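J.:
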Amino acid sequence: MKKFRVTVNGEVYEVEIEEVGGSADSPTQLGAPVPPRTPEAAPLVSASAPIIVPGARNASSLSLGDAGTVTSPMPGMINDVKVKTGDQVKPGDVLIVLEAMKMENLIKADIAGTVKEVRVVKGQAVNGGDPLAVIA
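Mapping to full-length UniProt numbering: the sequence shown position 14 is 14, numbers consecutive.
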């Protein structure tokens, strides 16, 4: 058992250190530099071609549910509703502002059409997949 005096942030501590066993990585003398270990290379993985699934939706249409129903992509709080029933929208128009994880997420129209129904109000909590509006 070896005793050492260590100063940390101006405070002096006496510590005892017991050597429990050596390894190839441990120094033989106190204060001797230890060479860094070289990490083993990760095995190479070949990427396959993308898989095409017939009828699958692309990422840009994930918020669009059945027949023009816009759904929440995640749980959160409705910060603002930018449209009302009867409004004309085109792809990319902001419909709703959803706060999730302290970030504002703009819920946009994926299709052109008329807002048939708005199913949320400002301040309402929603879950992922909840319907927010209907565009026809």
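Note that CB positions come from ideal geometry on N, CA and C, so glycine has one too. Computed from a predicted model, the values in this text were never measured in an experiment.
Are the beta-carbon atoms belonging to residue 122 and residue 79 less than 8 Å from one another?
T.: For the purposes of this step, residue 122 is taken as the residue at position 122 of the sequence shown. For the purposes of this step, residue 79 is taken as the residue at position 79 of the sequence shown. Yes. Within cutoff.
J.: Cβ atoms of residue 133 and residue 94: under 8 Å apart, would you say?
T.: In the sequence shown, the residue the question calls residue 94 occupies position 94. In the sequence shown, the residue the question calls residue 133 occupies position 133. No, these two residues do not count as a Cβ contact at 8 Å.
J.: Taking the alpha-carbon of residue 118 as reference, which of 41, 96 and 128 has the nearest alpha-carbon?
T.: The residue labelled residue 118 in the question sits at position 118 within the sequence shown. Of 41, 96 and 128, the residue nearest in Cα terms is 96.
J.: Start and end of the beta strand (DSSP E) containing residue 3?
T.: As a working mapping, residue 3 is identified with position 3 in the sequence shown. Per DSSP, residue 3 belongs to the beta strand (DSSP E) from 2-8.
J.: Hey, how far is the Cα of residue 88 from the Cα of residue 101?
T.: Taking the sequence shown and counting its residues from 1, one reaches residue 88 at position 88. Taking the sequence shown and counting its residues from 1, one reaches residue 101 at position 101. Cα-Cα distance, rounded: 30 Å.
J.: How should residue 12 be labelled, buried or exposed, when 16 other C-beta atoms within 10 angstroms of its C-beta is the threshold for buried?
T.: Along the sequence shown, read from residue 1 onward, the residue named residue 12 stands at position 12. Exposed: under 16 other Cβ atoms inside 10 Å.
J.: CA-CA distance, residue 6 and residue 37?
T.: Here residue 6 refers to the residue found at position 6 when the sequence shown is read from its first residue. Here residue 37 refers to the residue found at position 37 when the sequence shown is read from its first residue. Between residue 6 and residue 37, the C-alpha separation is close to 27 Å.
J.: Report the option in 125, 15 and 73 whose CA atom is closest to the CA atom of residue 105.
T.: Counting from 1 along the sequence shown, the entry for residue 105 is found at position 105. The shortest Cα separation from residue 105 among 125, 15 and 73 belongs to 73.
J.: Kindly indicate which three-state DSSP category residue 63 falls into: helix, strand or coil?
T.: Here residue 63 refers to the residue found at position 63 of the sequence shown. With a pLDDT of only 44 at residue 63, under the threshold of 50, the placement of this residue in the model should not be trusted; the figure read from the coordinates follows. Of the three classes helix, strand and coil, the one that applies to residue 63 here is coil, per DSSP.
J.: Of all the options 135, 86 and 129, which has the alpha carbon lying nearest to the alpha carbon of residue 110?
T.: The residue you call residue 110 lines up with position 110 of the sequence shown. Selected option, being the one with the closest Cα: 135.
J.: Use the C-beta contact count for residue 120: other C-beta atoms within 10 angstroms, 16 or more gives buried, fewer gives exposed.
T.: As a working mapping, residue 120 is identified with position 120 in the sequence shown. Buried is the call here.
J.: Should residue 15 be labelled buried (16 or more other beta-carbon atoms within 10 Å of its own) or exposed?
T.: For this step, residue 15 is matched to residue 15 along the sequence shown. When all chains shown are included, residue 15 counts as exposed.
J.: By how many angstroms is the C-alpha of residue 90 removed from the C-alpha of residue 39?
T.: Residue mapping note: residue 39 aligns to position 39 of the sequence shown, counting from 1. Residue mapping note: residue 90 aligns to position 90 of the sequence shown, counting from 1. Straight-line Cα distance between these residues: approximately 52 Å.
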